[in-house]
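S.K.: This is the structure I want to talk about, given as structure tokens.
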Amino acid sequence: YTQELIDQFATHYQIVMRGSTELVYLAEDSAYTGGINQAQLEAILQPFHGAHAERNLDTLVLACTHFPLLKEQITELLPGIRVVDSSSAIARQVQRVLDTDSQADSWDGADILWHTAKINRTISEHSLMSQFQLKALQV
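Shown next as structure tokens:
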């Protein structure tokens, strides 16, 4: 999906894609606990400092739903690099999918946590559900 977007809209840019499961886990931990392991975040972002100097990296797109949770901290650690939050675009795509999904026909517009993997109900109810003021949990 990401490559299709690049092919369609960004062929005139030099794109370097880099996934990070470590950053996903760090974002999840931050959402659950409200804290962040600063040293771990700095270590994860270290390659971007080198890319900024070596490849003239000027923009970092947070192309995962987890990463905007850390946008403020990432922006602080990567001065001189524009950090783009893609959460609005992701939300619009989710809306398009829900508009064509028969399960969404009964949706009343309330904020709902949708997920595909089993999650610890205690964590979700005490952290995610209250932090984001979600009305219901769909499993």
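Every number in the numbering used here is 7 more than the matching position in the sequence shown, counting from 1.
In this text, a Cβ means the ideal position worked out from N, Cα and C, and glycines have one as well.
I need the straight-line Cα distance from Thr28 to Ile51, nearest angstrom please.
M.R.: Taking the first residue of the sequence shown as 1, we reach residue 28 at position 21. Taking the first residue of the sequence shown as 1, we reach residue 51 at position 44. Approximately 10 Å between the Cα atoms of the pair.
S.K.: Determine the direct distance from the alpha carbon of Leu69 to that of Ile22, and round the result to whole angstroms.
M.R.: Walking along the sequence shown from the start, residue 22 turns up at place 15. Walking along the sequence shown from the start, residue 69 turns up at place 62. Approximately 13 Å between the Cα atoms of the pair.
S.K.: Put Leu85 into one of helix, strand or coil per three-state DSSP.
M.R.: As a first step, residue 85 is located in the sequence shown; it is residue number 78 there, counting from the start. If DSSP states are grouped into helix, strand and coil, Leu85 belongs with coil.
S.K.: Ordered along the chain, which non-local residues of its own chain (more than five positions away) have a Cβ less than 8 Å from that of Thr9?
M.R.: On the sequence shown, position 2 is the one that residue 9 refers to. Met24 and Ala70.
S.K.: My output table needs one value for Asp65: the three-state DSSP class, helix, strand or coil.
M.R.: Here residue 65 refers to the residue found at position 58 when the sequence shown is read from its first residue. If DSSP states are grouped into helix, strand and coil, Asp65 belongs with coil.
S.K.: State the beta-bridge partners of Val90 as determined by DSSP.
M.R.: In the sequence shown, residue 90 corresponds to position 83, counting from 1. Paired residues: Leu67.
S.K.: Mind checking Phe74: buried by the 16 CB within 10 Å criterion, or exposed?
M.R.: Locating residue 74 in the sequence shown gives position 67, counting from the first residue. Buried, because 16 or more other Cβ atoms sit within 10 Å of the Cβ of Phe74.
S.K.: Taking the alpha helix (DSSP H) that Tyr20 belongs to, which residues open and close that run?
M.R.: Counted from its first residue, the sequence shown places residue 20 at position 13. Here Tyr20 belongs to no alpha helix (DSSP H), and DSSP marks it neither H nor E.
S.K.: Let's test the definition: count the other Cβ atoms within 10 Å of the Cβ of Ala34 and tell me whether it reaches 16, buried, or not, exposed.
M.R.: Against the sequence shown, residue 34 aligns to sequence position 27. The residue is buried, with at least 16 neighbouring Cβ atoms inside 10 Å.
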